[in-house]
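Trainee:
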Amino acid sequence: MKCVIEGNGVKVFGKAVHALSRIGNEIWLDPQEKGLAVRTVNSSQSAYACFCFTPLFFQQYIPDPDIQNGCEAVKCMLNMKCVLPLFRCASWKERRVDRCEISVNIPNSRVIFQFHCRHGITKTYNLGYQECEALQAVFPAHLCPNVLMAQSKLLGDIVVHFPVSQEEVTLSISSFKVTLKTFCEEENNCIKGMNTELMLHPDEFDYFQVGEDSAVTFCLKELRGLLSFAEPYGLPVNCQFGVAGQPVSFTVKDMTLEAHVVLSTLTDPNHESPSQPAPGDDCPVNVTNTSTAEITTCESLWRQRKMIQLHAPGEILPKLSLIPESALTTPVTPATSKIRSLLFGAVYSDGGKDKTADLPSLACASDTEDDGGTEE
Amino acid sequence: MKFRAKIIDVGCLNHFTRVVNTVSRLTKACVLRLTCDHLYFVLSGRVATGGVSMWCELSQVNFFDEFQLEGVSADANEIFLEVAPENFSRALKTAQNAKSVKIKLTKKTCPCLTLAAELPSLSSVSRVVTHDIPVDVIPRRLWHDFREPQMPDFDVSIYLPPLKTMKSVVDRMKNLSNYLVLEANLNGEMNLKIETDLVSVTTHFKELGNPPWGDDGSQSSSPTHRDPDLMAEARVDIKKLQQFLMGQQVNPSKAMCNIVHRRILHLIFLHEDVSLQYFIPAVV
């Protein structure tokens with residue numbers, strides 16, 4: 001793979017890397033015909049982000065020089081800590097990068113970032129990568145009953161009311177209003193902290209569709225990266241979601257790139273349909289949510305965060321498969337009120353109407369067969 | 001117990017926010033005392049705070065368009081709430097361009113001061129942001145802890161030098177010593193002194209002026225005049241003095257300090273309709 005990004009584009013690419021760094025510790029590069037997909041997922045697989053840069057974004061874009069032989073472009077996984085410093089925005093003024101070349105050196109397993117700067121200075125960084133399969137979230141956008149589209153400035157104005165340290169927020173939608181409020185798991189926590197709630201009228205949104213009244217709770221921190229990326233460029237943000245437990249996706253689109261953030265949401269123990277068999281679930285009957293992690297302490301109604309369904313065509317990603325089965329039975333102490341499921345390929349349920357295997361993957365479609373690798 | 005208040009003027013809102021911000025920089029927790037005419041932010045000197053006390057008084061009519069209070073009982077028509085001013089500050093921060101801000105006492109999972117701001121929006125319907133600030137209601141039997149502090153029988157009262165200057169002097173002295181001596185006399189002279197094994201530094205201020213307290217009995221009981229050159233001093237923890245100076249967001253119209261020799265440093269700031277008093281105990 002080889003691509004060249006000119007001046008301003010380098011800044012945009014750098015901001016994308018910054019946004020991704022708010023979510024995960026690794027960065028996946030996936031050069032495809034339709035563009036370079038740069039992705040990340042957080043360690044608990046509850047947040048996924050993908051920036052797909054179309055060939056228009058680049059001065060030059062060659063997914064794979066060897067494409068005639070039918071070779072697939074190599075997919076690389078890099079440590080975020082290695083990539084992020086290369087795009088430190090602080091030194092933009094001094095750097096004045098004219099262009100950046102990114103290429104993959106397969107024999108040495110290196111991704112080469114070469115910055116051609118002012119005064120003839122060239123900075124070359126050789127980063128070691130781990131070869132792996134691409135990582136995509138399966139997200140049936142067309143099945144989302146609720147869709148909101150707003151200017152990124154509006155969303156920025158909304159989230160500013162919440163403290164930066166605030167983790168979870170609940171987005172509620174009904175036909176006459178949209179609310180965003182702080183979420184706290186336990187009653188005790190609420191007493192210490194402040195609760196904030198913001199109510200908006202549907203008219204404030206550029207597009208408003210409510211198919212089903214719902215309230216979804218997700219991690220606001222993980223969204224902030226995308227919002228800080230979109231706001232300077234004045235890009236509108238598209239938000240799609242369903243009922244509690246189904247992931248929520250935020251999309252920003254432009255001619256040259258498309259950015260997605262998919263966040264899992266907390267399930268609502270009261271409404272969860274027990275359509276999935278619980279693997280060795282020995283919880284009391286109260287907790288009807290059974291499709292994700294096992295719970296060994298069930299004193300109260302634990303809300304669970306469903307995994308984002310990740311689809312890796314072919315084999316399981318070497319990194320993720322290292323999650324031992326025993327992790328599923330890790331007891332949850334009362335202190336950890338949020339349970340992260342580690343079940344790779346958790347079955348995603350929307351009431352059992354559709355089979356998950358038929359769901360199309362997120363925009364950056366892999367060109368390998370979708371062989372239903374979601375079933376485990 | 002009921003409390004409802006509303007601010008609709010943006011200038012009043014900004015001013016109120018500045019006061020709350022100042023208080024939040026001085027202490028993490030304080031008591032908000034509400035009466036029909038005033039609001040008070042009170043910190044009563046305790047060992048935990050190093051003996052520092054604070055009394056900030058606002059006249060409600062200068063800020064609020066509507067103010068309704070129903071206290072604990074008819075003869076005690078006041079409400080005392082323990083609150084973290086930082087929460088209050090945070091809630092007000094993003095409401096600076098609000099069309100109106102309503103504050104009321106509510107009961108959610110615990111008693112709260114609910115602040116609801118009506119914000120400008122892109123549609124005909126305003127955006128409403130609500131913050132629930134948890135508070136603790138203080139029972140009547142503890143109210144005596146939060147009485148207005150008496151004006152101490154001070155030895156010297158003097159106007160402070162320009163805050164900016166004083167702050168920069170204190171900031172630099174803080175690097176050298178943990179304690180600072182503030183001394184002043186009735187001749188308008190003030191010295192800030194630090195002394196360590198290696199070095200001693202004194203900054204002299206002259207012609208500051210002394211507030212004319214008059215014969216309201218607050219002066220020392222002895223009828224003889226105090227020697228105008230005689231210095232009264234208080235040795236205080238420099239961090240506490242610095243914290244007080246750092247917290248000020250606006251230049252007060254009047255800034256003065258009363259010194260009870262070797263006992264207390266009493267700082268008074270007056271700005272328009274807000275008065276702020278801060279007591280720092282002297283250390284040996």
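Heads up: the sequence lines are chains P and G, in that order. Going by UniProt numbering, the letters in the first sequence line up with residues 1 to 376, in that order. Going by UniProt numbering, the letters in the second sequence line up with residues 1 to 284, in that order. For each residue, glycine too, the CB sits at the ideal point set by N, CA and C.
1. Taking the runs of the beta strand (DSSP E) that are 3 residues or longer, which of them lie wholly in the stretch 158-238 of chain G?
2. Return helix, strand or coil for Met255 (chain P), following the three-state DSSP convention.
3. Rounded to the nearest angstrom, how far is the Cβ of Ser124 (chain G) from that of Glu118 (chain G), given a contact under 8 Å?
4. Comparing C-alpha positions only, which one of G:Gly188, G:Ile194, G:Tyr159 sits nearest to Met173 (chain G)?
5. Please list the terminal residues of the continuous alpha helix (DSSP H) segment that includes Asp98 (chain P).
6. CA-CA distance, Cys364 (chain P) and Gln136 (chain P)?
7. For a contact defined as C-beta to C-beta under 7 Å, what are the partners of Pro163 (chain P) on chain G?
8. Taking 8 Å as the cut-off, does the stretch 212-220 of chain P touch the stretch 161-173 of chain P (at least 3 CB pairs, one atom from each stretch)?
9. Measure the CB-CB distance between Phe16 (chain G) and Leu105 (chain G) and report whether it falls below 7 Å.
10. Verify the CB distance criterion: does Leu122 (chain G) have a CB-CB separation below 7 Å to chain P?
11. How big is the Cα-Cα spacing for Gly128 (chain P) and Asp30 (chain P)?
12. Considering only C-alpha positions, which residue in the set P:Thr40, P:Glu185, P:Phe229, P:Trp28 is nearest to Lys153 (chain P)?
13. With a threshold of 7 Å between beta-carbons, can Met199 (chain P) be considered close to chain A, or not?
14. Could you check which residue in P:Lys2, P:Phe13, P:Pro163 has the C-alpha nearest to that of Thr256 (chain P)?
15. Is it a yes or a no for the stretch 99-114 of chain G touching the stretch 40-60 of chain G, going by three-plus beta-carbon pairs under 8 Å?
16. With burial defined as no fewer than 16 other Cβ atoms inside 10 Å of the residue's Cβ, what is the status of Ala293 (chain P): buried or exposed?
17. What residues from chain P crowd round Ile133 (chain G), counting only those whose CB sits closer than 7 Å?
18. Within the 7 Å Cβ cut-off, does Ser222 (chain G) reach chain P?
19. Alpha carbon to alpha carbon, how far is Trp213 (chain G) from Phe154 (chain G)?
20. Since Asn87 (chain G) meets chain P, which of its residues come closer than 9 Å, beta carbon to beta carbon?
21. Name the chain P residues that come within less than 9 Å of Arg127 (chain G), Cβ to Cβ?
22. Give me, in chain order, the residues of the same chain whose beta-carbon lies closer than 8 Å to that of Asp37 (chain G); leave out the 5 immediate sequence neighbours on both sides.
23. Could you check where the alpha helix (DSSP H) with Arg18 (chain G) kicks off and where it finishes?
24. Could you tell me whether any Cβ in chain P is nearer than 7 Å to the Cβ of Thr94 (chain G)?
25. Taking all protein chains shown into account, decide if Pro134 (chain G) is buried (16 or more other Cβ within 10 angstroms of its Cβ) or exposed.
26. Among P:Ala37, P:Cys239, P:Met1, which has the Cα closest to the Cα of Asn146 (chain P)?
27. For chain P, find out if any of its Cβ atoms is closer than 7 Å to the Cβ of Lys130 (chain G); answer yes or no.
28. Do Thr203 (chain G) and Val169 (chain G) have their CB atoms nearer than 7 Å?
29. Could you check whether Thr179 (chain P) and Ser172 (chain P) sit closer than 7 Å to each other, using their CB atoms as the reference points?
30. In this structure, does DSSP put Val284 (chain G) in helix, strand or coil?
31. At which residue ranges does the stretch 26-108 of chain G contain complete alpha helix (DSSP H) runs of 4 or more residues, listed in the order of the chain?
32. Alpha carbons only, please: which of P:Asp98, P:His119, P:Val262 is nearest the one belonging to Gly225 (chain P)?
33. What residues match up with Gln277 (chain G) in a beta bridge as DSSP calls it?
34. Thinking C-alpha only, which one of P:Leu198, P:Tyr233, P:Ala259, P:Phe241 is nearest Ser214 (chain P)?
Mentor: The structure says:
1. Along the length of the stretch 158-238 of chain G, whole beta strand (DSSP E) runs at least 3 residues long occupy 179-184, 190-195, 200-205, 232-237, reported in chain order.
2. What you label residue 255 (chain P) is simply residue 255 of the first sequence in a count that begins at 1. DSSP places Met255 (chain P) in coil when its eight states are reduced to three.
3. One-based indexing of the second sequence puts residue 124 (chain G) at position 124. One-based indexing of the second sequence puts residue 118 (chain G) at position 118. So it is not a contact: roughly 13 Å between Cβ atoms.
4. The sequence position of residue 173 (chain G) within the second sequence is 173, counting from 1. Of all alpha-carbon atoms in G:Gly188, G:Ile194, G:Tyr159, the one lying nearest the alpha-carbon of Met173 (chain G) is that of G:Ile194.
5. Reading the first sequence from its first residue, position 98 is the one you call residue 98 (chain P). If you look at Asp98 (chain P), you'll find it isn't in any alpha helix (DSSP H); it sits in the beta strand (DSSP E) that goes 97-105.
6. Numbered from its first residue, the first sequence carries residue 364 (chain P) at position 364. Numbered from its first residue, the first sequence carries residue 136 (chain P) at position 136. At Cys364 (chain P) the pLDDT is 45, less than 50, meaning the model places this residue with poor confidence; the figure from the coordinates comes in the next sentence. Going by the C-alpha atoms only, they are around 8 Å apart.
7. Taking the first sequence and counting its residues from 1, one reaches residue 163 (chain P) at position 163. Under the 7 Å cutoff, chain G gives Arg90.
8. yes
9. Here residue 16 (chain G) is taken as the residue at index 16 of the second sequence, counted from 1. Here residue 105 (chain G) is taken as the residue at index 105 of the second sequence, counted from 1. No, they are not a contact pair.
10. Translated into positions along the second sequence, residue 122 (chain G) becomes position 122. Cβ-Cβ to chain P under 7 Å: yes for Leu122 (chain G).
11. Start at 1 with the first residue of the first sequence, and residue 128 (chain P) comes out as number 128. Start at 1 with the first residue of the first sequence, and residue 30 (chain P) comes out as number 30. Using only the alpha carbons, I get a separation of about 15 Å.
12. Taking the first sequence and counting its residues from 1, the one referred to as residue 153 (chain P) is at position 153. Of P:Thr40, P:Glu185, P:Phe229, P:Trp28, the residue nearest in Cα terms is P:Phe229.
13. Here chain A cannot be found, since the structure's protein chains are P and G.
14. The sequence position of residue 256 (chain P) within the first sequence is 256, counting from 1. The shortest C-alpha separation from Thr256 (chain P) is found at P:Phe13.
15. no
16. Position 293 of the first sequence, counting from 1, holds the residue named residue 293 (chain P). Model confidence at Ala293 (chain P) stands at a pLDDT of 35, short of 50, so the residue's coordinates are unreliable; what they give is reported in the following sentence. Looking at its Cβ environment, which holds 16 or more other Cβ atoms inside 10 Å, Ala293 (chain P) is buried.
17. By 1-based counting over the second sequence, the position of residue 133 (chain G) is 133. Here the neighbours are Met194.
18. Counting from one through the second sequence, the residue named residue 222 (chain G) turns up at place 222. Residue placement at Ser222 (chain G) cannot be trusted, given a pLDDT of 46 that sits under 50; the coordinates are not used to answer.
19. For the purposes of this step, residue 213 (chain G) is taken as residue 213 along the second sequence, with counting starting at 1. For the purposes of this step, residue 154 (chain G) is taken as residue 154 along the second sequence, with counting starting at 1. Their backbone Cα atoms lie some 11 Å apart in a straight line.
20. For this step, residue 87 (chain G) is matched to residue 87 along the second sequence. In chain order: Gly193, Met194.
21. Here residue 127 (chain G) refers to the residue found at position 127 of the second sequence. Under a criterion of Cβ atoms nearer than 9 Å, the residues of chain P adjacent to Arg127 (chain G) are, in order, Asp157, Ile158, Leu198, Met199, Leu200, His201, Glu204.
22. Mapped onto the second sequence, residue 37 (chain G) falls at position 37. Its chain contains Ser59, Gln60, Val61 as the residues whose beta carbon lies nearer than 8 Å to that of Asp37 (chain G), once the 5 sequence neighbours on both sides are disregarded; these appear in chain order.
23. Translated into positions along the second sequence, residue 18 (chain G) becomes position 18. Segment 10-26, the alpha helix (DSSP H) holding Arg18 (chain G).
24. To locate residue 94 (chain G), count along the second sequence from 1; it is residue 94. It does: the Cβ of Thr94 (chain G) has a partner Cβ on chain P nearer than 7 Å.
25. Translated into positions along the second sequence, residue 134 (chain G) becomes position 134. Buried, since its Cβ has 16 or more Cβ neighbours within 10 Å.
26. Within the first sequence, the letter at position 146 stands for residue 146 (chain P). When only C-alpha atoms are compared, the closest one is P:Cys239.
27. Residue numbering aside, residue 130 (chain G) sits at position 130 when the second sequence is read from its first letter. Here the sequence assigns Thr to residue 130 (chain G), which means Lys is not the residue at that position. It does; some Cβ of chain P falls within 7 Å.
28. Reading the second sequence from its first residue, position 203 is the one you call residue 203 (chain G). Reading the second sequence from its first residue, position 169 is the one you call residue 169 (chain G). Contact: yes.
29. Here the question's residue 172 (chain P) lines up with position 172 in the first sequence. Here the question's residue 179 (chain P) lines up with position 179 in the first sequence. In contact: Ser172 (chain P) and Thr179 (chain P) (Cβ atoms closer than 7 Å).
30. Here residue 284 (chain G) refers to the residue found at position 284 when the second sequence is read from its first residue. Reduced to three states, the DSSP call for Val284 (chain G) is coil.
31. 85-93
32. For this step, residue 225 (chain P) is matched to residue 225 along the first sequence. When each option's Cα is compared against that of Gly225 (chain P), the closest is P:Val262.
33. For the purposes of this step, residue 277 (chain G) is taken as residue 277 along the second sequence, with counting starting at 1. For Gln277 (chain G), which the question treats as bridged, DSSP gives the partners G:Trp55, G:Ile268.
34. One-based indexing of the first sequence puts residue 214 (chain P) at position 214. When each option's Cα is compared against that of Ser214 (chain P), the closest is P:Phe241.
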